[in-house]
Amino acid sequence: MPDTTPHHVLLAGSTGLTGGFVLQALKADASVQRIVAPTRHPLPMAARLENPVGPLQRLLPGLTPPMDIAICCLGTTIKHAGSREAFRMTDFDLPVAIGMRARRLGARHYVVISSLGADATARTFYTRVKGEMELALRKQDWPQLTIVRPSLIVGQRQEFRLGERLATPLSLLLPGRWRGIRVESLARAIWRLACTPGEGVRVVESEELRRIGA
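Quick note on numbering: the sequence shown equals residues 2 to 215 in our numbering.
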């Protein structure tokens, strides 16, 4: 049965690869009454879409209720961010700040993209920051927290990432949770998970994400 519950959704990262497809899914779903998608640059106007424009940290305090679902699709690389500090801002500070603000606005479910192998004790900086972000969100005591851990996301990005371009063919041949996931499938899975009632923390790896988004 389709979910017909009215939804008020905060979406962060809607100009990115995955976030753009999630935004399309929200626009296409008649159950979504309100989409709040803050961005640095304006989005095309659309029905039910509120698009505050500016730096996200500055916009968060001005967001208003009601809100019942928050989705964070933010993510970058150290190379693209320019430094470890800038990477941490995007992949730790902002997802945690979004969670705090969304809880104050009344949201009960937070869906956030992490990464395969996220571990707060990892020696690799990237996976360690992702793991630390997950731990920080767990401490926010969400009624429902869904942590999405995709493997390599396959899709056409605006920025060129040589490593991903070279790894994509191989990633689609790997087994289980290591196999790459196409962005369209990931976005469908994220929205379906967001609409799935539940309690507590759920961690969803790529293999399950592919099944949900099929």
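A virtual CB, placed ideally from N, CA and C, is assigned to each residue, including glycine. Source: prediction; values computed, not measured.
Suppose the cutoff is 7 Å on Cβ atoms and the five residues either side in sequence are ignored; what does the same chain contact list for residue i look like?
i    : result
M101 : Q141
V204 : I148 and R150
Quick check: residue i and residue j, are their CB atoms within less than 9 Å of each other?
i    : j    : result
I182 : I154 : yes
E51  : A31  : no
I72  : V10  : yes
A121 : R129 : yes
S152 : G132 : no
L64  : Y111 : no
V113 : L136 : no
L57  : R41  : yes
Y127 : T197 : no
Please report the straight-line C-alpha distance between residue i and residue j, rounded to a whole angstrom.
i    : j    : result
L187 : A13  : 16 Å
G76  : R124 : 19 Å
P217 : L60  : Missing from the structure shown is residue 217; the chain here goes from 2 to 215 and no further.
K80  : E200 : 37 Å
E206 : L106 : 28 Å
H8   : R49  : 11 Å
R212 : A119 : 21 Å
M90  : I70  : 22 Å
R104 : E209 : 27 Å
I246 : C74  : Beyond the ends of the chain as shown, which are 2 and 215, falls residue 246; an answer cannot be given.
R189 : V33  : 15 Å
Excluding the 5 residues preceding and the 5 following residue i in the sequence, name in chain order all residues of the same chain whose CB lies nearer than 6 Å to its CB.
i   : result
L87 : The identity of residue 87 in the sequence shown is Ala, whereas the question assumes Leu. Counting only Cβ-Cβ distances below 6 Å, and skipping sequence neighbours, we find nothing.
P53 : P39 and L60
P66 : L106 and G107
For residue i, which residues of its own chain have a beta-carbon under 8 Å away from its beta-carbon, when the five flanking residues on both sides are left out?
i    : result
M134 : D92, F93, P96, V97, V113, S115 and A119
G17  : C74, L75 and G76
Can you give the beta carbon distance from residue i to residue j, rounded, assuming they're within the 8 Å contact cut?
i    : j   : result
V202 : F22 : About 24 Å separates the two Cβ atoms, so there is no contact after all.
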